[in-house]
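Numbering (our numbering), first residue to last: 49 to 125. Glycine included, every Cβ here is placed at the ideal spot set by N, Cα and C. These numbers were taken from a predicted model, which means no experiment stands behind them. Here the structure comes first, spelled out in structure tokens, and everything after it is commentary.
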Amino acid sequence: MVIMKLINETAEYVEYALYNGNEEFIENVRFYKESKKFKIENKGKWTNSYETNAYRLLMECVEDDGIYPKEMVKGWC
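Next up, the structure:
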């Protein structure tokens, strides 16, 4: 399970903090709205399911008229 909490939103991007199901911080990610580019803090590429699920959630936001909620959850309970 990934929990995403909005840190910052600008016209260009949204930035979220990722947490696991135990509310332990994993990393920050930035999603560029126009290009749909996904940038992981201090990494060059995706390395785990948290990042994959986070990208899927952000793409759902794009499909939902670009509404980026303050908190999102995806995964198993």
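Could you say if the stretch 73 to 93 and the stretch 55 to 65 meet the contact criterion of at least three C-beta pairs nearer than 8 Å?
At 8 Å Cβ cutoff, the stretches touch.
Tell me whether residue 98 sits in a helix, a strand or coil according to DSSP, three-state version.
Taking the first residue of the sequence shown as 1, we reach residue 98 at position 50. Looking at residue 98 - three-state DSSP - the assignment turns out to be helix.
Output yes or no for whether 9 Å exceeds the beta carbon distance between residue 52 and residue 68.
Counting from one through the sequence shown, the residue named residue 52 turns up at place 4. Counting from one through the sequence shown, the residue named residue 68 turns up at place 20. Contact: no.
By a C-beta neighbour count over all protein chains shown, 10 Å radius and 16 as the cutoff for buried, is residue 99 buried or exposed?
Taking the sequence shown and counting its residues from 1, the one referred to as residue 99 is at position 51. Buried, since its Cβ has 16 or more Cβ neighbours within 10 Å.
Alpha carbon to alpha carbon, how far is residue 97 from residue 85? Give it in angstroms, no decimals.
Your numbering for residue 85 matches position 37 in the sequence shown. Your numbering for residue 97 matches position 49 in the sequence shown. Their Cα atoms are separated by approximately 17 Å.
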